[in-house]
Amino acid sequence: MATMTMSVTEPKARHNKIPKGVKLAPESERYLRACSDVANALVEDYESQLDGKKPKKDLNLNTLRNNIAKKHFLSNTPPLTAIINAVPEHYKKYILPRLIAKPIRSASGIAVVAVMCKPHRCPHISYTGNICVYCPGGPDSDFEYSTQSYTGYEPTSMRAIRARYDPFEQARGRVDQIKSLGHSVDKVEYIIMGGTFMSLPVSYREEFISQLHNALSGFQATNVDEAVLAGEMSSTKCVGITIETRPDYCLDQHLSDMLRYGCTRLEIGVQSLYEDVARDTNRGHTVAAVAETFKLAKDAGFKVVSHMMPDLPNVGMERDLDQFREYFENPAFRTDGLKIYPTLVIRGTGLYELWRTGRYKNYTPNALIDLVARILALVPPWTRIYRVQRDIPMPLVTSGVENGNLRELALSRMKDFGTTCRDVRTREVGINEVKNKIRPSQVELVRRDYTANGGWETFLAYEDPKQDILIGLLRL
């Protein structure tokens with residue numbers, strides 16, 4: 001089969017000189033013709049693959065788009081969304097998989113849609129007097145109209161601001177955008193970001209959750225229970241909701257409310273397992289409270305993901321590595337997933353003042369890659385590493401992570417160390433097929449048992465042990 005290489009970057013402007021005396025149709029008409037020409041070329045390429053007599057050729061989508069843009073004297077190349085719309089309906093199921101932008105995004109079978117609640121102050125300000133020293137954003141920050149711990153310039157933040165933080169507009173717009181890029185949106189998982197959602201008034205939370213479900217079902221439910229029921233009959237189903245919270249807003253009543261919302265996973269900010277670091281960074285809770293929260297959440301049936309921050313003040317490389325070793329080996333922690341957020345220095349934060357006055361210094365880029373590589377080597381096969389860095393634009397980072405592809409660099413460094421990452425995401429069949437072109441050959445049922453958070457957990461998985469590929473999993 002012919003292969004395509006494609007770029008998902010913005011099309012570059014072109015300045016094609018129009019020959020004298022040549023009369024052109026309006027650009028809007030030429031644009032439609034160009035999209036149609038690209039779609040026809042893709043259809044012809046597909047049909048040629050069905051004809052065994054015709055020689056097979058490589059079709060480069062970028063080259064095709066550029067050549068057709070020049071042919072029609074366009075100022076920009078046709079975007080993928082317009083080309084997808086031009087493909088005849090009965091060919092879409094064959095051609096769309098080859099046009100999907102960022103295929104990793106839905107390789108797990110679920111389209112993840114991030115939304116943000118309205119800006120509000122961090123709840124622990126009332127008893128600690130301030131926010132965490134490293135935290136940017138929020139109503140009182142240098143970043144106007146941003147939510148707590150975000151700058152307003154992250155992709156999710158900008159979508160939320162454009163939608164004026166309206167949950168329905170955020171959700172519907174993002175789902176339509178993902179669909180227009182060729183991804184399946186049959187199953188959607190929401191992530192509610194923007195600070196401590198459970199600290200907001202009950203009435204706001206109920207309305208927010210209802211509108212998220214309404215955005216998928218098309219039904220205008222007036223309360224959470226109606227919205228969840230209507231969503232169960234929708235063709236686009238909400239298969240999960242993740243809520244970001246803190247240990248002090250993850251108590252019994254909060255857990256009960258979140259179950260009613262349809263929440264399936266909690267993201268709990270931990271940041272450090274050292275009590276002195278939690279105190280010095282003004283977290284507003286203890287590490288003991290974290291362990292208790294994990295137990296309560298697991299007992300209530302939630303999947304638990306935590307956030308950890310290497311490179312915090314007064315820690316150091318060895319101490320950082322020790323706390324991650326403790327995190328994965330101590331049954332008091334051992335969550336289902338983890339997000340690793342190396343510390344960033346951003347203007348307007350307490351940490352920025354420490355950095356400016358020479359009282360704090362980040363790891364060098366090379367040392368940070370080494371540390372993340374060593375952390376990933378510790379990850380057990382039942383844990384998923386969701387992220388290894390924040391989505392904050394690099395120009396806003398004064399000091400800290402200097403590479404936008406930190407995970408990729410860390411995985412490459414692991415090869416140098418002779419180690420491998422065995423987390424759920426790295427081993428997933430969809431990820432391996434998209435990135436490594438590897439498919440499983442001999443699949444077996446593998447059972448792993450371990451203790452965590454005051455209970456006994458069983459991780460069942462269908463795997464190809466020889467190639468270390470994960471096909472499906474069940475947590476009990």
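Going by UniProt numbering, the sequence shown opens with residue 1, and the numbers climb by one from there. For each residue, glycine too, the CB sits at the ideal point set by N, CA and C.
Checking contacts by CB at 8 Å: is Glu206 closer than that to chain B?
-> Looking at the structure shown, chain B is missing, and only one protein chain is on hand.
Do the segment 281-288 and the segment 197-215 touch if we need at least three Cβ pairs shorter than 8 Å?
-> no
Whole-angstrom C-beta distance between Ala86 and Ser36, which should lie under 8 Å = Locating residue 36 in the sequence shown gives position 36, counting from the first residue. Locating residue 86 in the sequence shown gives position 86, counting from the first residue. The Cβ separation is near 5 Å, so the contact holds.
Where do the N-terminal and C-terminal ends of the alpha helix (DSSP H) with Tyr204 fall, by residue?
-> Mapped onto the sequence shown, residue 204 falls at position 204. Element bounds for Tyr204: Val202 to Ser217.
Assign Met258 to one of two classes, buried (16 or more other C-beta atoms within 10 Å of its C-beta) or exposed (fewer than that).
-> As a working note, residue 258 is residue 258 in the sequence shown. With 16 or more Cβ atoms within 10 Å of its Cβ, Met258 is classed as buried.
Cα-Cα separation between Lys298 and Glu267, rounded to whole angstroms = Mapped onto the sequence shown, residue 298 falls at position 298. Mapped onto the sequence shown, residue 267 falls at position 267. Distance between the alpha carbons of Lys298 and Glu267: 12 Å.
Element boundaries [alpha helix (DSSP H), containing Thr128] | Residue mapping note: residue 128 aligns to position 128 of the sequence shown, counting from 1. That run of the alpha helix (DSSP H) goes Ile125 to Thr128.
Residue environment, Glu154, which counts as buried when at least 16 other CB atoms sit within 10 Å | Residue mapping note: residue 154 aligns to position 154 of the sequence shown, counting from 1. It is buried - the Cβ of Glu154 has at least 16 other Cβ atoms within 10 Å.
First and last residue of the uninterrupted alpha helix (DSSP H) at Glu29 | In the sequence shown, residue 29 corresponds to position 29, counting from 1. Run containing Glu29: Glu27 to Leu50, per the alpha helix (DSSP H) assignment.
Under three-state DSSP, which class holds Met233?
-> Here residue 233 refers to the residue found at position 233 of the sequence shown. Coil at Met233, not helix or strand.
Identified DSSP bridge partners for Tyr462 = In the sequence shown, residue 462 corresponds to position 462, counting from 1. Beta-bridge pairing links Tyr462 to Leu445 and Gly472.
Using 8 Å as the threshold, is the segment 211-227 in touch with the segment 283-294, meaning 3 or more CB pairs across them?
-> no
List the residues that DSSP assigns as beta-bridge partners of Trp456.
-> Translated into the one-based positions of the sequence shown, residue 456 becomes position 456. Answer is Thr451.
What are the boundary residues of the beta strand (DSSP E) that Arg384 is part of?
-> Counting from one through the sequence shown, the residue named residue 384 turns up at place 384. Arg384 -> beta strand (DSSP E) spans Arg384 to Arg387.
Between the Cα of Ala452 and the Cα atoms of Pro365, Leu296, Thr357 and Ala227, which residue gives the shortest distance?
-> Counting from 1 along the sequence shown, the entry for residue 452 is found at position 452. Considering only alpha carbons, the answer is Leu296.
Among the residues of its own chain, which have a CB less than 8 Å from the CB of Ala13, if the five just before and after it don't count?
-> Stepping through the sequence shown from its first residue, residue 13 is reached at position 13. Low confidence applies to Ala13: its pLDDT is 43, below 50, so where it sits in the model is not reliable, and the reading given next is rough at best. Answer for Ala13: Ser75 and Asn76, listed in chain order.
Relative to the C-alpha of Val185, which residue among Gly129, Val372 and Leu216 is closest?
-> As a first step, residue 185 is located in the sequence shown; it is residue number 185 there, counting from the start. If you compare the alpha carbons of Gly129, Val372 and Leu216 with that of Val185, the shortest gap goes to Leu216.
So, using beta-carbon positions, are Cys135 and Thr349 closer together than 8 Å?
-> Reading the sequence shown from its first residue, position 135 is the one you call residue 135. Reading the sequence shown from its first residue, position 349 is the one you call residue 349. Taking 8 Å as the Cβ cut-off, Cys135 and Thr349 qualify as a contacting pair.
Evaluate contact between the segment 325-336 and the segment 304-313, counting only Cβ atoms and requiring at least three cross-stretch pairs below 8 Å.
-> yes
Use the C-beta contact count for Leu476: other C-beta atoms within 10 angstroms, 16 or more gives buried, fewer gives exposed.
-> Within the sequence shown, residue 476 is the residue found at index 476, counting from 1. It counts as exposed.
What's the call for Gln323, buried or exposed, on a 16-neighbour Cβ count within 10 Å?
-> Position 323 of the sequence shown, counted from the first residue, corresponds to residue 323. So Gln323 counts as buried.
Tell me, please, which residues DSSP counts as bridged to Met116.
-> As a first step, residue 116 is located in the sequence shown; it is residue number 116 there, counting from the start. For Met116, which the question treats as bridged, DSSP gives the partners Met193.
Are the beta-carbon atoms of Arg159 and Gln148 separated by less than 8 Å?
-> Start at 1 with the first residue of the sequence shown, and residue 159 comes out as number 159. Start at 1 with the first residue of the sequence shown, and residue 148 comes out as number 148. No; because the gap between Cβ atoms is not below 8 Å, this pair is not in contact.
Residue range of the unbroken alpha helix (DSSP H) whose run includes Leu354 = On the sequence shown, residue 354 is found 354 positions in, with the first residue counted as 1. Gly350 to Arg356 is the span of the alpha helix (DSSP H), which, as asked, contains Leu354.
Tell me where the alpha helix (DSSP H) around Lys70 begins and ends.
-> Within the sequence shown, the letter at position 70 stands for residue 70. Leu61 to Lys71 is the extent of the alpha helix (DSSP H) around Lys70.
Report the residue from Phe417, Tyr165, Gly182 and Ala332 whose alpha carbon sits nearest the alpha carbon of Gly455.
-> Here residue 455 is taken as the residue at index 455 of the sequence shown, counted from 1. Ranking the options by Cα distance to Gly455, first place goes to Ala332.
Got a sec? Which residues, its chain only, sit under 7 Å from Ile161 by beta carbon, not counting five neighbours each side?
-> For this step, residue 161 is matched to residue 161 along the sequence shown. Here the set comprises Tyr145 and Gly152.
Do Asp468 and Arg422 come within 8 Å of each other at the CB atom, strictly closer than that value?
-> Position 422 of the sequence shown, counted from the start, is the residue given in the question as residue 422. Position 468 of the sequence shown, counted from the start, is the residue given in the question as residue 468. Yes, these two residues count as a Cβ contact at 8 Å.
Assuming Ile241 and Tyr190 make a contact with CB atoms under 8 Å, what is their CB distance in whole Å?
-> Here residue 241 corresponds to residue number 241 of the sequence shown, with the count starting at 1. Here residue 190 corresponds to residue number 190 of the sequence shown, with the count starting at 1. Their Cβ separation, rounded to whole angstroms, is 5 Å, which keeps Ile241 and Tyr190 in contact under 8 Å.
Helix, strand or coil: how does DSSP classify His285 here?
-> Along the sequence shown, read from residue 1 onward, the residue named residue 285 stands at position 285. Assigned with DSSP and collapsed to three states, His285 falls in coil, not helix or strand.
Distance between beta carbons of Ala34 and His72, contact taken as under 8 Å | In the sequence shown, counting from the first residue as 1, residue 72 sits at position 72. In the sequence shown, counting from the first residue as 1, residue 34 sits at position 34. His72 to Ala34, Cβ: 5 Å. Contact.
Assign His90 to one of two classes, buried (16 or more other C-beta atoms within 10 Å of its C-beta) or exposed (fewer than that).
-> Translated into positions along the sequence shown, residue 90 becomes position 90. Counting Cβ neighbours within 10 Å, His90 comes out exposed, since fewer than 16 surround it.
Would Arg374 pass as a contact of Leu321 if the rule is Cβ separation under 8 Å?
-> As a first step, residue 374 is located in the sequence shown; it is residue number 374 there, counting from the start. As a first step, residue 321 is located in the sequence shown; it is residue number 321 there, counting from the start. The answer is yes: Cβ separation under 8 Å.
Inspect the beta-carbon positions of Leu460 and Leu445 and report whether they are closer than 8 Å.
-> Translated into positions along the sequence shown, residue 460 becomes position 460. Translated into positions along the sequence shown, residue 445 becomes position 445. Cβ distance < 8 Å, so Leu460 and Leu445 count as in contact.
Assumed close pair Pro285, Leu200 - CB separation to whole angstroms, cut-off 8 Å | As a first step, residue 285 is located in the sequence shown; it is residue number 285 there, counting from the start. As a first step, residue 200 is located in the sequence shown; it is residue number 200 there, counting from the start. Residue identity differs from the one stated: residue 285 is His in this sequence, not Pro. Between His285 and Leu200 the beta-carbon gap is near 18 Å, outside 8 Å, which marks them as no contact.
Rank Glu44, Gly109, Tyr127 and Leu212 by C-alpha distance to the C-alpha of Ile95 and give the top, closest one.
-> For this step, residue 95 is matched to residue 95 along the sequence shown. Comparing Cα positions, the closest option is Glu44.
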